[in-house]
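Quick note, the sequences are listed as chains S, F and R, same order.
Residue numbers for the first sequence follow this note's numbering, beginning at 109 and rising by one.
Residue numbers for the second sequence follow this note's numbering, beginning at 109 and rising by one.
Residue numbers for the third sequence follow this note's numbering, beginning at 109 and rising by one.
Glycine included, each C-beta is placed from N, C-alpha and C at the ideal position.
Being a predicted model, the structure only gives us computed values, none of them experimental.
In what follows, a structure is listed as structure tokens, so that the remarks can point back to it.
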Amino acid sequence: MKLISTLLFFLLLISLTYSSATPTRSRKRDRVHEPCKRLVFYFHDIIYNGHNSKNATSAIVGTPAWGNRTILANQNHFGDLVVFDDPITLDNNLHSRPIGRAQGFYIYDKKEIFTAWLGFSFVFNSTQHKGSINFAGADPLMNKTRDISVIGGTGDFFMTRGVATLSTDSFEGEVYFRLRAEINLYECW
Amino acid sequence: MKLISTLLFFLLLISLTYSSATPTRSRKRDRVHEPCKRLVFYFHDIIYNGHNSKNATSAIVGTPAWGNRTILANQNHFGDLVVFDDPITLDNNLHSRPIGRAQGFYIYDKKEIFTAWLGFSFVFNSTQHKGSINFAGADPLMNKTRDISVIGGTGDFFMTRGVATLSTDSFEGEVYFRLRAEINLYECW
Amino acid sequence: MKLISTLLFFLLLISLTYSSATPTRSRKRDRVHEPCKRLVFYFHDIIYNGHNSKNATSAIVGTPAWGNRTILANQNHFGDLVVFDDPITLDNNLHSRPIGRAQGFYIYDKKEIFTAWLGFSFVFNSTQHKGSINFAGADPLMNKTRDISVIGGTGDFFMTRGVATLSTDSFEGEVYFRLRAEINLYECW
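Quick look at the structure:
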């Protein structure tokens with residue numbers, strides 16, 4: 109009988125364990141979130157201004173009626189759409205060996221302050237990383253840090269999701285800026 | 109022996125319960141989907157038309173060869189790309205206190221009828237909500253309701269996913285429209 | 109006693125089974141990924157070139173300072189933003205009955221080679237499929253195949269996620285191209 113009651117206790121334990129552990133997709137998850145992967149990169153944007161076509165990594169391609177495509181528009185660049193192909197580096201040096209490219213677009217979308225909306229990918233094809241990470245979200249760039257969503261990935265980053273925290277590491281006039289991206293992935297496959 | 113058979117029955121029950129409850133990521137889920145969070149907001153778009161720069165919350169910044177950036181193009185505005193920074197309110201009154209901003213872009217993308225593609229965020233920084241919700245998807249705006257994807261979120265909406273059902277709550281000529289967004293989140297963290 | 113030890117063995121088995129099967133969201137998943145759904149479609153893009161307004165399914169709506177909106181720009185079309193509403197077919201024949209529309213945009217984003225960034229949806233309203241699938245990602249179109257992310261879906265594709273492998277099935281000058289999209293969904297609801 110002692111064995112049986114031990115058994116019963118064990119059973120109860122299993123039962124309790126699994127009823128709490130079984131995830132329900134539509135239930136609120138616990139608040140302790142450890143990333144399954146954490147990555148830090150820098151990327152460098154040199155915007156075309158009419159004189160730097162050789163070095164430029166980005167260009168204005170859309171602008172409101174009152175703007176043009178060689179000078180960022182008034183009203184905090186509201187309406188300027190910029191396409192970019194920026195080198196990604198592991199440190200904050202523009203001249204370090206790029207390990208990938210940040211490719212996509214940003215749109216300045218507010219008249220009163222600088223803020224933008226981003227849709228882009230990190231595209232890797234190096235010994236360290238192969239594949240891509242895709243991002244989307246609002247970038248209120250006057251904030252010290254701001255979070256955007258990692259909405260998917262391919263290759264080494266197959267099906268990944270997470271949050272990327274951006275910060276402006278350098279800002280030189282209206283032509284060059286450098287962003288630091290700390291990527292925390294919470295869904296890894 | 110009776111105890112043992114009861115035990116066996118109990119075991120069988122557990123076994124059956126968990127074999128059906130254990131989720132496999134790549135298996136089709138049950139069709140009963142309860143949102144873990146439901147939110148309703150309104151947002152208000154006043155498009156720049158050359159005369160309303162003070163009130164305008166959006167502007168045409170891209171257009172096909174036959175269009176221009178102060179008047180929406182022919183052919184159901186096909187090709188017009190609009191950047192917006194629209195106030196979000198809890199009711200359908202443009203003059204209610206905004207609790208956030210809807211920021212991003214839409215592109216009219218069909219010649220035969222009105223339809224658009226949306227990429228935008230709800231950005232909150234109020235006592236009610238902090239953080240952002242990111243959206244993407246097709247908006248066939250002549251339909252009474254249409255669904256787009258919630259592709260991610262940050263802050264209070266960390267890692268969220270779901271579906272937002274949009275409906276046009278008001279439409280005044282070519283300058284003002286108001287959308288109702290019912291957001292149903294099915295992944296909450 | 110034999111029964112009890114059998115029972116114990118059974119218990120141990122259950123325990124082992126579930127401890128390995130219980131998924132932790134933030135843990136790395138096994139590397140065997142079977143799609144829960146696989147779909148293959150073709151879509152057809154005819155870009156407006158000033159002479160084909162009747163047949164064109166897409167148009168340049170943004171371009172860098174050195175470009176224009178009837179001819180794709182120099183430097184591998186860098187900066188050209190194209191809006192499209194392309195028919196989706198089940199085979200590679202442009203004249204097959206469309207079962208939906210591919211709607212959204214692409215932006216050529218590199219000066220040295222052809223590559224683009226895509227944001228678009230497959231919109232279905234047929235007997236086969238109702239609802240939409242939303243995509244985002246980098247399309248290095250000189251590669252034989254390239255992967256983009258399925259970032260969400262609605263209707264029949266409610267909450268879906270996955271990877272779409274694109275390949276250029278045909279390319280006729282600068283006006284017509286046809287893409288094959290093999291969609292592998294790994295999250296089905």
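Report back the beta-carbon spacing between residue 290/S and residue 268/S to the nearest angstrom; my notes put them in contact at under 8 Å. Wrong, their Cβ atoms sit about 15 Å apart, outside the cutoff.
So, using beta-carbon positions, are residue 208/S and residue 237/S closer together than 8 Å? Yes; because the gap between Cβ atoms is below 8 Å, this pair is in contact.
Run of the beta strand (DSSP E) containing residue 171/F, from where it starts to where it stops: Taken as a continuous stretch (DSSP letters only), residue 171/F belongs to no beta strand (DSSP E), as it is neither H nor E.
Give me, in chain order, the residues of the same chain whose beta-carbon lies closer than 7 Å to that of residue 249/F; leave out the 5 immediate sequence neighbours on both sides. 222, 223, 224 and 276
Closer than 7 Å by C-beta to residue 134/R: which residues in its own chain qualify, once you throw out the five before and the five after it? Chain order, please. Confidence is the limiting factor: at residue 134/R the pLDDT is only 43, short of 50, which leaves the residue's position unreliable, though a coordinate-based value still follows. Around residue 134/R: no qualifying Cβ.
Do we get a CB-CB distance below 8 Å when we pair residue 218/F with the residues of chain R? yes
Residue 242/F: buried (16+ other C-beta within 10 angstroms of its C-beta) or exposed? buried
Taking Cβ-Cβ distances shorter than 8 Å, what residues in chain S pair up with residue 189/F? 170 and 189
Simplified DSSP state of residue 205/R, which is helix, strand or coil: coil
Taking CB distances under 8 Å as the criterion, tell me whether residue 193/R reaches chain F. For residue 193/R, the answer is yes, since a Cβ of chain F falls inside 8 Å of its Cβ.
Please classify residue 152/F: is it buried, with 16 or more other beta-carbons within 10 angstroms of its beta-carbon, or exposed? Classification of residue 152/F: buried, given that the 10 Å Cβ count is 16 or more.
Is the separation between the beta-carbon of residue 217/R and that of residue 212/S shorter than 8 Å? Cβ distance < 8 Å, so residue 217/R and residue 212/S count as in contact.
Distance cutoff 8 Å, beta carbons only. Does residue 260/R sit that close to anything in chain F? yes
Examine chain F for any beta-carbon lying closer than 8 Å to the beta-carbon of residue 294/S, and answer yes or no. Yes, its Cβ sits closer than 8 Å to a Cβ of chain F.
My output table needs one value for residue 242/F: the three-state DSSP class, helix, strand or coil. strand
Which residues of chain F have a Cβ atom closer than 8 Å to the Cβ of residue 235/R, listed in chain order? Result: empty, since nearest Cβ-Cβ is about 18 Å, beyond 8 Å.
Out of 253/F, 159/F and 266/F, state which residue places its alpha-carbon closest to the alpha-carbon of residue 140/S. 266/F
Could you tell me which residues DSSP pairs with residue 280/S in its beta bridges? Paired residues: 284/S.
Around the C-beta of residue 234/S, are 16 or more other C-beta atoms found within 10 angstroms, so that it is buried, or is it exposed? Residue 234/S should be labelled exposed.
From the beta carbon of residue 156/R, is the nearest beta carbon of chain F less than 8 Å away? So yes, residue 156/R belongs to the interface.
Per DSSP, which residues does residue 233/R bridge with? Please list them. 238/R
Report the residue from 196/F, 187/F and 192/F whose alpha carbon sits nearest the alpha carbon of residue 192/R. 187/F
Since residue 210/S contacts residue 232/S with CB under 8 Å, what's their CB separation in whole angstroms? Not quite, the Cβ-Cβ distance comes to about 10 Å (not below 8 Å), so this is no contact.
Tell me, which residues are paired with residue 146/R by DSSP? Under DSSP, residue 146/R forms a beta bridge with 292/R.
Within 10 angstroms of its Cβ, does residue 255/R collect 16 or more other Cβ (buried), or is it exposed? buried
Taking C-alpha atoms, which residue in 253/F, 184/F, 142/F and 251/F lies nearest to residue 282/F? The residue with the shortest Cα to Cα distance from residue 282/F is 184/F.
When Cβ atoms are compared, which residues of the segment 174 to 185 of chain R fall closer than 8 Å to chain F? Here the close residues are 176, 177 and 178.
Got a sec? Which residues, its chain only, sit under 6 Å from residue 203/S by beta carbon, not counting five neighbours each side? none
For residue 274/R, does the three-state DSSP call read helix, strand or coil? strand
Test: residue 297/S CB closer than 8 Å to a CB of chain C: Absent from the structure: chain C. Protein chains present are S, F and R.
Here's a check: name, in chain order, each residue in its chain whose Cβ is nearer than 6 Å to the Cβ of residue 190/S, leaving out the five neighbours to either side. 166, 168 and 214
If you draw a straight line from the alpha carbon of residue 244/F to that of residue 264/F, how long is it in whole angstroms? 19 Å
Taking Cβ-Cβ distances below 9 Å as the criterion, which residues of the segment 200 to 224 of chain S are in contact with chain F? Answer set for the segment 200 to 224 of chain S: 215, 216, 217, 218, 219, 220, 223 and 224.
The segment 266 to 294 of chain F: which residues have C-beta closer than 7 Å to a C-beta of chain R, in chain order? Here the close residues are 269, 271 and 294.
Go through its chain and collect everything with a Cβ distance to residue 257/S's Cβ below 6 Å, but skip five positions before and after it. If we look at residue 257/S and ignore the five residues flanking it on each side, its Cβ neighbours are 244 and 245.
Cβ atoms of residue 288/F and residue 148/F: under 8 Å apart, would you say? Yes, they are a contact pair.
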